[in-house]
Amino acid sequence: MITEIVILAMIAAFLGLRLYSVLGRRAEHEEESVPQRFEGPDDQSVPAPGQPQSTAPAVAARPAQLEGVMPAVERGVREIASADNRFDLTAFLEGARGAYEMVLEAFWNGDRDTLRELCDDDVYEGFVAAIEAREEAGETLDNTLIRVEDTRVHSASLDDRTARISVLFVADIAAVTRDKEGNVIAGSLDDAIESRDVWTFSRNIASKDPNWVLDETDEG
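For the sequence shown, my numbering gives the first residue as 17, with consecutive numbering after it.
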């Protein structure tokens, strides 16, 4: 009888140790945070065990501003966005449109200070040369930007740390040139003409300065 009691006690102690071992380990694991997703190669999301496998990798939605552009253009924009987490295409295009309007007004009015802030050296010097030639001839521009019909990405690239984005602007402009007496010698305020310009803006993405500068102008 005593022998049976001793054997039962030993069995109970053994089971107790087994339960403690299992529950103790389980409790330790339950205190650990359970990952909700696993990072696979190239930061691709891998579903947790037991979850259905994805049939295709997730693809970032295409911004509306990139609809209809060439694949190379979209690739350039995505490279810039990947290298510069502050880059936002919508904000960039809004800023580019604002710069387009400001640069035109500054050029028409001979405002060198504004041009200096918004343009790189080459573009600034080109504008100033045209302003000086106009002033020497005694001519003034009486231009009006009626509306900007369209603003779209024309090209985009990332060269080392320099991002460059060309934007096509389609605008209606009433252009008038007056002589020193104020007489109209070219153009008309009554007839707006369509202007298509491709302006290229650049920025060093390693710089703390978030501003882009105009570094090239061309006709579209």
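Every residue, glycine too, gets a C-beta built ideally from N, C-alpha and C.
Query: Own chain partners of Glu110 with C-beta closer than 8 Å, once the 5 adjacent residues on each side are dropped; Result: none
Query: Exposed unless 16 or more other CB atoms sit within 10 angstroms - verdict on Arg212; Result: exposed
Query: 4-residue-minimum alpha helix (DSSP H) runs that sit fully inside the segment 133 to 207, ordered along the chain; Result: 137 to 152
Query: Cutoff 8 Å; reference Met86; Cβ partners in own chain excluding five residues on either side; Result: none
Query: Three CB pairs or more closer than 8 Å across the segment 196 to 206 and the segment 168 to 184; Result: no
Query: Of the residues Leu230, Ala222, Trp228 and Asp207, the one placed nearest Ser98, counting alpha carbons only; Result: Ala222
Query: Buried/exposed call for Ile181, threshold 16 Cβ in 10 Å; Result: buried
Query: Local conformation of Glu83 per DSSP, three classes; Result: coil
Query: Helix, strand or coil at Ile8 according to DSSP, with G and I counted as helix; Result: With the chain running from 17 to 236 in the structure shown, residue 8 is simply not present.
Query: Leu230 and Ile189 closer than 7 Å at C-beta; Result: no
Query: Three-state secondary structure (DSSP) of Asn220; Result: strand
Query: As assigned by DSSP and simplified to three states, the class of Asp234; Result: strand
Query: Euclidean distance between Cα positions of Ile147 and Asp207; Result: 24 Å
Query: Pro226 in three-state terms, based on DSSP; Result: coil
Query: First and last residue of the uninterrupted alpha helix (DSSP H) at Gly114; Result: Leu105 to Asn125
Query: Rounded separation between Arg150 and Glu83 - CA only; Result: 41 Å
Query: Buried versus exposed, by CB contacts within 10 Å (16 or more), Leu120; Result: buried
Query: Own chain, CB closer than 7 Å to Thr156, minus 5 neighbours either side, in chain order; Result: Arg194
Query: Presumed contact (8 Å Cβ cut-off) between Val93 and Leu105, rounded CB distance; Result: 6 Å
Query: CA nearest to the CA of Glu95, picked from Asn227, Leu205, Phe185 and Ala179; Result: Ala179
Query: Residues bridged to Val214 (per DSSP); Result: Leu184 and Asp234
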